[in-house]
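Residue numbers for the sequence shown follow this note's numbering, so the first one is 235 and each next one is one higher. By construction, the Cβ of each residue, glycine as well, lies at the ideal position given by its N, Cα and C atoms.
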Amino acid sequence: MKINLEQFGIQKDYELKDADHQRQFLGLLKKVDTSYKSFEALNYDIKFITSVIELLSKIKAWSNEEIMLEIENKNQNNHWDFDRILLGPLIRSGMNQLSVG
Numbered sequence: 235m236k237i238n239l240e241q242f243g244i245q246k247d248y249e250l251k252d253a254d255h256q257r258q259f260l261g262l263l264k265k266v267d268t269s270y271k272s273f274e275a276l277n278y279d280i281k282f283i284t285s286v287i288e289l290l291s292k293i294k295a296w297s298n299e300e301i302m303l304e305i306e307n308k309n310q311n312n313h314w315d316f317d318r319i320l321l322g323p324l325i326r327s328g329m330n331q332l333s334v335g
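1. For E288, which residues from the same chain have a beta carbon less than 8 Å from its beta carbon, with the 5 sequence-adjacent residues on both sides left out?
2. Judging by CA-CA distance, which residue of A253, D247 and F259 is the nearest neighbour of K294?
3. Does I244 come out as helix, strand or coil in the three-state DSSP assignment?
4. Quick check on DSSP: helix, strand or coil for T303?
5. So, helix, strand or coil for N330, using DSSP?
6. Check K251 in the structure and name its three-state DSSP category.
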């Protein structure tokens with residue numbers, strides 16, 4: 235039986251937002267996909283298994299990185315900046331120095 239990446243749960247059309255990660259993904263995918271061996275033969279092919287492990291770990295790391303970037307961007311957009319909110323109107327009106335009584 236020929237190897238099928240879907241048997242490992244790997245989608246060939248998986249897309250990453252980062253162009254460099256996508257390029258690396260496609261290169262690793264090609265390495266893994268070019269093996270026309272049976273599962274029995276793969277038991278002895280350490281390079282193939284190493285490539286699959288590398289591909290899966292990179293997909294996991296890249297996906298986690300993209301999720302964290304989305305969370306950070308969302309948090310930055312919703313972040314309340316005390317100085318901007320409270321002192322911004324004072325600075326714009328020319329009262330950039332607060333005097334103490």
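Taking the structure as given:
1. Taking the sequence shown and counting its residues from 1, the one referred to as residue 288 is at position 54. Around E288: L262.
2. The residue labelled residue 294 in the question sits at position 60 within the sequence shown. Sorting A253, D247 and F259 by C-alpha distance to the C-alpha of K294 places F259 at the top.
3. By one-based count along the sequence shown, residue 244 stands at place 10. Secondary structure of I244 (DSSP, three-state): coil.
4. Position 69 of the sequence shown holds residue 303. Sequence check: residue 303 is Leu here, not Thr. DSSP places L303 in helix when its eight states are reduced to three.
5. For the purposes of this step, residue 330 is identified with residue 96 of the sequence shown, where counting begins at 1. Confidence at N330 is low in this model, with a pLDDT of 49, below 50, so the placement of that residue is unreliable and no value is reported for it.
6. For the purposes of this step, residue 251 is taken as residue 17 along the sequence shown, with counting starting at 1. If DSSP states are grouped into helix, strand and coil, K251 belongs with coil.
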